[in-house]
Every structure is written in C-alpha cells, then in structure tokens.
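See structure below.
Residue numbers (our numbering): 721 to 1029.
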C-alpha cells in the first residue's frame, strides 16, 4: 500500500502605473495592483499485489488499483485608481481615491475579488501478466471525474501486448541476433485543459470596464451573463501503436521502429458563435477531430563495451 500527499502554494503581487501619455492610459492614467494566490492539493493512494506461479511455465501476475484526488484553487484581488488631470485646481495630477467600483452596492469603493476552483478525481487500475518472460499482456483502465463538465465522468482503457520473439526455439539458433521483440498497443486518454471552471453553469460576472477608473454619478454596478455550454465533454485521444525492437552482435547494435496512428475527438477550444445564440460571442466548445500518423525509428551503436574486473 502506498500513499502520497502534496501541496503547491504560490503567491504574487503585480503593481501597475500607467502614465497619462501612455497608449494604454484611460484619460489621465491610472495606478493599481493585482494580487494572486494559487493552491494546488494532491492525494494519491494505490495498492499492488504480485504473484509468481512456481511451475514450468513461469507465469507472473500482478495487479494495481488506486485513487487520486486533486484540487486546483485560485484567488485574485485587484484595484485600479485613476489620476486627476494636472489642470485640476484642487488635486492636480493626484490619485483620485474616489475612483474604483462599488461591487456590493453599499456605497463604498472596494477591491475587485475573483476566485475559481476545480476538482479532478480518478480511480485507476492495471493488470500485468507474462508467461516465461516471453509473452506480456497489460491492461489498464482509468475513470476520471472532472468538475468542469456537467457529465463529470469518463472512462479511458488501454491494452498492450509484447512478444519476445528471440526466445522462440527457431530464433535462439540465430547467434548474431541478440534481441527481437514485437509490441502492440491501443489506448485512450482524456484532456480537460484550456477551458474555464464553470462553463456549464448559468453564471453572471461583474463588469470590470472603465467605471473601475472613473466613477460616474448615477451609474450602478453592471452584472453581465457569461457564456454557457452544458454539452461540453472530455476531449478524447485514441492511439494505436505497432513496434519492433531488435539487437544484433550481442546488443552492440540495437534499434527500434514504431508506427502509430492517433485520433483526437471532441477537441476543446474557444469558438465564435452567432450573435444572440449565447450570452457572449465566444464560448468553449467541442469543435471537431484531429488525426495524425507517423513512423519513429531509433538506432544505437556501442563502440566500446568494457566491463570493470
């Protein structure tokens, strides 16, 4: 039984001062800050079992099952104040402490606060079997649950097979051939990065436009709806792989060649949508698929192989 726990905490602050002559300035310039606090927590636990069958076939079997929990949390605090114009008779070029925004309607100017979080929970397992260290079979499965999707859970299996051909009787007689192994693989993985934490919720956000800098009498706080997509789901990649490992001259010359085919479906991306079809003109969506295939090869030559006596 194994268990690990970890935490990654980071805090930072950025001060910004925009001069009136800057292209980024709103009217007479501004000054302010932005503070951020990030906290990532992780817990992982798994158990393993091994068994070797003591018979002439030399079977080996092992299984592993585990659980993983992750929490990603972020908080930001910011406030930006404008400057009075230098022509102001009472406060020439000074910071306008009355600028900013009243977010809760109590008549007081305050910092803008933003917080977001998401969870990822996983159950996973793996089983390995080999016979006489010649035939190898591996099966894995992973069930991931992400708080970013309305349908949280998705299952991603994979399988792998290897055949050590060199250990077959006919190939043992080939003295110059020191290794030959065939590998086959198929598997699925899931991705959820690149999207917001609350895309499938109907939520409203406080507007953070120029009223942060310049209070206008009679203006209240504007709250606008955010983009929503309740059908957002996992991006899934399926990979097929065939490989061959070989070695000759007592492993002085070794190499491998692999062919792979990879297809990703339900690609996650932000796309523009027609006006009026959503609360905003951009929304996170599953937009299509991507396919790629290729061949990879490696070659290694050991010039000198000298063992210490």
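Think of the CB as a built atom: it goes at the ideal place given N, C-alpha and C, for glycine as much as any other residue.
Item	Value
What did DSSP end up calling residue 885 once you bin it into helix, strand or coil?	helix
Comparing the CB of residue 992 with every heavy atom of the ligand SAM, is any distance shorter than 7 Å?	Absent from the structure shown: the ligand SAM. Ligands present: none.
Where does the unbroken beta strand (DSSP E) through residue 920 begin, and where does it stop?	No beta strand (DSSP E) contains residue 920, which DSSP labels as neither H nor E.
Distance check for residue 890 and residue 883, CA to CA, integer angstroms please.	14 Å
Reducing DSSP to helix, strand and coil, say where residue 843 ends up.	strand
Between the region 968–978 and the region 1010–1023, are three or more C-beta pairs nearer than 8 Å?	yes
Just curious, the beta strand (DSSP E) that residue 908 is in, first and last residue?	897–911
Taking all protein chains shown into account, decide if residue 866 is buried (16 or more other Cβ within 10 angstroms of its Cβ) or exposed.	buried
With DSSP collapsed to three states, give me the class of residue 892.	helix
Am I right that residue 762 and residue 731 are in contact with their C-beta atoms under 8 Å? What's the rounded C-beta distance?	Actually they are not in contact, since the Cβ atoms of residue 762 and residue 731 sit about 19 Å apart, beyond 8 Å.
Whole angstroms are fine: how far does the CA of residue 876 sit from the CA of residue 938?	Low local confidence applies: a pLDDT of 45 at residue 938 is under 50, so the model's placement there is unreliable, and no value is given.
For residue 897, which residues in the same chain have their Cβ closer than 8 Å to its Cβ, ignoring the five residues on either side in sequence?	886, 891, 966, 967, 968
Just the Cα atoms here: how many angstroms apart are residue 899 and residue 878?	26 Å
Tell me which residues share the same chain as residue 748 and place their Cβ nearer than 7 Å to its Cβ, disregarding the 5 neighbours each side in the sequence.	740, 802, 803, 804, 805
Just reading off the beta strand (DSSP E) that residue 948 is part of, what are its end residues?	Run containing residue 948: none; DSSP gives neither H nor E here.
For residue 738, count the other beta carbons within 10 Å of its own beta carbon; 16 or more makes it buried, fewer makes it exposed. Which is it?	buried
Just to confirm, are residue 983 and residue 1022 a CB contact at a threshold of 8 Å?	no
I'd like to check one pair, residue 950 with residue 920: are the Cβ atoms closer than 8 Å?	yes
When we look at the beta-carbon of residue 1003 and count the other beta-carbons within 10 Å, is it buried (16 or more) or exposed?	buried
Around the Cβ of residue 936, are there at least 16 other Cβ atoms within 10 angstroms (buried) or fewer (exposed)?	Bear in mind that the predicted position of residue 936 carries a pLDDT of just 46, short of 50, making it unreliable; the figure below should be weighed with that in mind. It is exposed - the Cβ of residue 936 has fewer than 16 other Cβ atoms within 10 Å.
Is the CB-CB distance between residue 794 and residue 752 below 8 Å?	no
Measure the alpha-carbon distance for residue 774 versus residue 782 and round it to whole angstroms.	15 Å
Among residues of its own chain, excluding the 5 on either side of residue 813, which ones have a beta-carbon nearer than 7 Å to its beta-carbon?	803, 804, 806
Let me know if residue 915 comes out buried or exposed under the rule of 16 or more other beta-carbons within 10 Å of its beta-carbon.	buried
Let me know the secondary structure DSSP gives residue 872 once reduced to three states.	coil
Mind checking residue 728: buried by the 16 CB within 10 Å criterion, or exposed?	exposed
What is the DSSP secondary structure of residue 852, counted as helix, strand or coil?	coil
Rounded to the nearest angstrom, what separates residue 961 and residue 904 at their Cα positions?	6 Å
Which residues in the same chain as residue 856 place their Cβ atom closer than 6 Å to its Cβ, once the five residues preceding and following it in sequence are excluded?	850, 882
Which same chain residues, not among the five before or five after residue 1008, have their C-beta less than 7 Å away from its C-beta?	987
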